[in-house]
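Participant: Pasting a structure below so you can have a look.
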Amino acid sequence: MRQAGRVLPEYRQLKTKHTFVEMVRTPELAAEVTLQPIRRFDFDAAIIFSDILVIPEALGQPYEFTEGAGIKMTPLQSAADIDGLDGSAVAERLDYVPQALRLVRETLQDRTALIGFAGSPWTLANFMLDGGGAKEYGQAKRLFYTHRPLFDRLMQKLTDAVSRYLEMQIAAGVDAVQIFDSRGGMMADGAFAEASGKWIGEIIRSLHNQVPVIVYSKGTNGNWNDLVATGAQVLGLDWTVRLSEIRSRLPQNVGVQGNLDPFVLTTTPAVVAAETERLLRDMRGVPGHIFNLGHGVPPTAPLENIQTMMDTIRGFV
Ligand code: CP3
Numbered sequence: 099m100r101q102a103g104r105v106l107p108e109y110r111q112l113k114t115k116h117t118f119v120e121m122v123r124t125p126e127l128a129a130e131v132t133l134q135p136i137r138r139f140d141f142d143a144a145i146i147f148s149d150i151l152v153i154p155e156a157l158g159q160p161y162e163f164t165e166g167a168g169i170k171m172t173p174l175q176s177a178a179d180i181d182g183l184d185g186s187a188v189a190e191r192l193d194y195v196p197q198a199l200r201l202v203r204e205t206l207q208d209r210t211a212l213i214g215f216a217g218s219p220w221t222l223a224n225f226m227l228d229g230g231g232a233k234e235y236g237q238a239k240r241l242f243y244t245h246r247p248l249f250d251r252l253m254q255k256l257t258d259a260v261s262r263y264l265e266m267q268i269a270a271g272v273d274a275v276q277i278f279d280s281r282g283g284m285m286a287d288g289a290f291a292e293a294s295g296k297w298i299g300e301i302i303r304s305l306h307n308q309v310p311v312i313v314y315s316k317g318t319n320g321n322w323n324d325l326v327a328t329g330a331q332v333l334g335l336d337w338t339v340r341l342s343e344i345r346s347r348l349p350q351n352v353g354v355q356g357n358l359d360p361f362v363l364t365t366t367p368a369v370v371a372a373e374t375e376r377l378l379r380d381m382r383g384v385p386g387h388i389f390n391l392g393h394g395v396p397p398t399a400p401l402e403n404i405q406t407m408m409d410t411i412r413g414f415v
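Numbered per my numbering, the sequence shown spans residues 99 to 415.
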């Protein structure tokens with residue numbers, strides 16, 4: 099989750115010469131940025147450097163990332179805008195991603211797992227309708243409650259495009275894929291399945307168990323049954339829940355990924371070590387846990403703290 103972003107000096111160095119979108123679209127650069135955190139910290143898995151917003155771009159709605167302003171795109175504003183999205187060239191337009199994955203795979207061989215990813219249709223719809231970072235009461239929520247047939251048409255286009263896109267990443271050799279439903283927690287308990295869960299489920303079914311699927315859904319405390327119903331093999335959880343307790347409520351064959359509070363990485367090595375150990379102790383003896391943060395690496399995290407987290411995990415007995 100944005101593990102490379104902003105914390106590494108070698109990433110910042112590249113950014114003085116290339117824009118974010120350029121780095122995403124150039125296989126050699128995307129591969130290099132993917133490998134940077136692995137070289138430094140030797141994580142067990144690399145996640146391909148890209149963005150969830152490559153899907154709207156491939157459908158005809160480009161995005162930009164600028165320092166300070168963040169992510170920006172021209173919002174979809176009408177039924178015509180939604181019906182004008184064109185899914186016919188997704189594979190061709192996103193060919194730079196499998197190219198980058200193959201370069202990374204060549205370097206990593208089988209030493210480090212490689213994870214592909216995409217945004218969930220619900221999370222993508224939020225960005226596309228709001229023209230960037232979605233708000234608590236974003237336009238996707240309005241569309242869901244007031245124009246369901248149009249909402250469903252948009253979601254079907256996104257579901258088809260994401261399914262195709264993940265299939266391409268699997269063909270390029272990823273070991274697992276992760277679906278980011280970062281806006282999953284915006285919906286009321288009873289609405290989550292219809293707004294997000296069922297579309298994720300359709301994507302997962304289309305992949306036919308070729309690789310494990312991790313679903314990260316932020317803030318969806320209470321929707322465990324809906325999340326399990328997507329068919330995900332692993333649920334990625336944010337830091338607001340107790341991992342061991344959620345684990346005990348899930349079916350045995352569903353693993354959990356998470357969930358150190360990313361903020362902890364902005365503190366001191368001593369705090370990082372203590373909080374990392376607390377999480378590891380909570381999960382001691384519990385099978386099916388992938389250690390991860392509860393969300394992305396904060397841009398101000400000192401590298402020393404990330405190293406301390408890794409040392410604590412590797413040294414835990
Ligand atoms: O570690 C990695 O580099 C993995 C690749 C990755 C990125 N984005 C690169 C990135 C992944 C897995 C994502 C996912 C992503 N992108 C999500 C889902 C996960 C999450 O964090 O909730 C979302 C919602 C996006 C859209 C997006 N892209 C946002 C909200 C931002 C931050 C915008 C801001 O205002 O700062 C980005 C930018 C982004 N994507 C960065 C990176 C490394 C930071 C770019 C930089 O600061 O140089």
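We put the CB at the ideal spot given by N, CA and C, even for glycine.
1) Where does Q267 sit, in a helix, a strand or coil, going by DSSP?
2) If distances are taken between C-alpha atoms only, which option among R382, V131 and G185 comes closest to A156?
3) At a cut-off of 7 Å, would you count F215 as near the ligand CP3, judging by its Cβ distance to the nearest heavy atom?
4) Considering only the beta carbon of each residue, do A327 and G295 sit closer than 8 Å?
5) DSSP three-state call for Q237: helix, strand or coil?
6) Could you give the DSSP three-state label for Q355: helix, strand or coil?
7) Would you decide whether G392 is buried or exposed? Buried here means 16 or more other CB atoms lie within 10 Å of its CB.
8) Using 7 Å as the cut-off, classify the Cβ of D336 as near or not near the heavy atoms of the ligand CP3, replying yes or no.
9) The ligand CP3 and H387: does the residue's C-beta get closer than 7 Å to at least one heavy atom of that ligand?
10) For I150, is the beta carbon positioned less than 7 Å from some heavy atom of the ligand GDP?
11) Excluding the 5 residues preceding and the 5 following N319 in the sequence, name in chain order all residues of the same chain whose CB lies nearer than 7 Å to its CB.
12) Look at the alpha carbon of T172 and the alpha carbon of G230, and state the distance between them as a whole number of angstroms.
13) Report the CB separation of D228 from Q237 in whole angstroms; it is logged as a contact under 8 Å.
14) Does the distance between the C-beta of H116 and the nearest non-hydrogen atom of the ligand CP3 fall short of 7 Å?
15) Closest to Y263 by CA distance: which of D149, V352, F290 and P385 is it?
Facilitator: On the basis of the supplied data:
1) Correct three-state label for Q267: helix.
2) When each option's Cα is compared against that of A156, the closest is G185.
3) F215 Cβ: within cutoff of the ligand CP3.
4) A Cβ-Cβ contact shorter than 8 Å links A327 with G295.
5) Q237 carries a helical assignment under DSSP once its states are collapsed to helix, strand and coil.
6) The DSSP-derived three-state label of Q355 is strand.
7) Residue burial annotation: G392 is buried, with at least 16 other C-beta atoms found within 10 angstroms of its C-beta.
8) Taking 7 Å as the cut-off, one finds no heavy atom of the ligand CP3 near enough to the beta carbon of D336.
9) For the ligand CP3, not one heavy atom lies less than 7 Å from the Cβ of H387.
10) Absence of the ligand GDP is noted for the structure shown, with the ligand CP3 being the only ligands found.
11) Closer than 7 Å at Cβ, skipping near neighbours: T338 and V339.
12) The alpha-carbon separation between T172 and G230 amounts to approximately 8 Å.
13) That pair is a contact at about 6 Å.
14) No, since every heavy atom of the ligand CP3 falls outside the 7 Å radius drawn around the Cβ of H116.
15) Of D149, V352, F290 and P385, the residue nearest in Cα terms is D149.
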